[in-house]
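Undergrad: Chain order of the listed sequences is A and B. The opening residue of the first sequence carries number 1266 in this note's numbering; numbering runs sequentially from there. The opening residue of the second sequence carries number -5 in this note's numbering; numbering runs sequentially from there. Ideal Cβ placement from N, Cα and C applies to all residues, glycine included. Sharing a structure with you now.
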Amino acid sequence: DAKTTQPNSMESNEEEPVHLPCNHSTISGTDYIHWYRQLPSQGPEYVIHGLTSNVNNRMASLAIAEDRKSSTLILHRATLRDAAVYYCIPSSGNTPLVFGKGTRLSVIA
Amino acid sequence: GAGVSQSPSNKVTEKGKDVELRCDPISGHTALYWYRQSLGQGLEFLIYFQGNSAPDKSGLPSDRFSAERTGGSVSTLTIQRTQQEDSAVYLCASSLGASPMFGELFFGEGSRLTVL
Chain A
1266 DAKTTQPNSM ESNEEEPVHL PCNHSTISGT DYIHWYRQLP SQGPEYVIHG LTSNVNNRMA
1326 SLAIAEDRKS STLILHRATL RDAAVYYCIP SSGNTPLVFG KGTRLSVIA
Chain B
-5 GAGVSQSPSN KVTEKGKDVE LRCDPISGHT ALYWYRQSLG QGLEFLIYFQ GNSAPDKSGL
55 PSDRFSAERT GGSVSTLTIQ RTQQEDSAVY LCASSLGASP MFGELFFGEG SRLTVL
């Protein structure tokens, strides 16, 4: 599995954009980059995933570096409900997702 | 709802007792996963079922842990002779398939196990 590095914690003001970085320098060519988040007292929930091109969905955007060694999850307007632990997980899908420690995002009203 | 259902939501047991935790995946999902999360820690993979293939048991921490998946649907995680370090939230997830294209995992709310 590719090793990932994420900040332990980040803080954002409500209504402002948040950029959550992830380094995955040992990613393989077939690994997709998955992002999940875990709200307090809940199971994780899927956020977004991509391979090479940037991806957008209703929850977030995923910007993937050209060399694929890093990616950034972008929340365009943080809300209090976005306070969670965000996990970046490279995976080819042939093995179960390995969740690291993630980034704990705090959102300030 | 049509989400992943886990039971019981809370279980308190005495050290040495056996416990069974149940997971009902989303209908039609061929892949099923068990993870556990100790207090303040990340998720730890336990076991993975995909269709009719042999399960990936590489994450099971000891031979006291076992899991079955009957008829490709419901799964039961069994912990024998529970120890205090088994206390955690046990999370089940299912997905439509193993490919990254179907790789979105849907998690249940978990079963919180407390071993006294």
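So, is the C-beta of A/L1362 closer than 8 angstroms to a C-beta in chain B?
TA: The sequence position of residue 1362 of chain A within the first sequence is 97, counting from 1. Judged by the 8 angstroms Cβ criterion, A/L1362 is in contact with chain B.
Undergrad: For the 8 angstroms Cβ check, are there 3 or more pairs between the stretch 13 to 22 of chain B and the stretch 1302 to 1310 of chain A?
TA: no
Undergrad: Among B/S67, B/G91, B/T108, which has the Cα closest to the Cα of B/Q78?
TA: Numbered from 1 along the second sequence, position 84 holds the residue referred to as residue 78 of chain B. The shortest C-alpha separation from B/Q78 is found at B/T108.
Undergrad: Give me the subset of the stretch 21 to 33 of chain B whose CB atoms are less than 8 angstroms from a CB atom of chain A, sorted by chain position.
TA: Y27, Y29
Undergrad: Count the other CB atoms within 10 Å of the CB of B/L110; is the residue buried (16 or more) or exposed (fewer)?
TA: Against the second sequence, residue 110 of chain B aligns to sequence position 116. B/L110 comes out exposed.
Undergrad: For a contact defined as C-beta to C-beta under 7 angstroms, what are the partners of B/Y42 on chain E?
TA: The structure shown contains no chain E; its protein chains are A and B.
Undergrad: Between the C-alpha atoms of A/H1335 and B/G22, what's the straight-line distance to the nearest angstrom?
TA: As a first step, residue 1335 of chain A must be located in the first sequence, where it is residue number 70. As a first step, residue 22 of chain B must be located in the second sequence, where it is residue number 28. Note that residue 1335 of chain A is Ser in the sequence shown, not His. Approximately 34 angstroms, taken between the alpha carbons.
Undergrad: Please list, in chain order, the chain B residues whose beta carbon lies closer than 7 angstroms to that of A/Y1311.
TA: Mapped onto the first sequence, residue 1311 of chain A falls at position 46. Per Cβ cutoff of 7 angstroms: E98, L99.
Undergrad: Using beta-carbon positions only, say whether B/Q74 and B/R63 come within less than 8 angstroms of one another.
TA: Mapped onto the second sequence, residue 74 of chain B falls at position 80. Mapped onto the second sequence, residue 63 of chain B falls at position 69. Not a contact, by the Cβ cut-off of 8 angstroms.
Undergrad: I'd like to know if A/Q1271 contacts chain B, where contact means its C-beta is closer than 8 angstroms to some C-beta of that chain.
TA: Your numbering for residue 1271 of chain A matches position 6 in the first sequence. No, A/Q1271 does not count as interfacial toward chain B.
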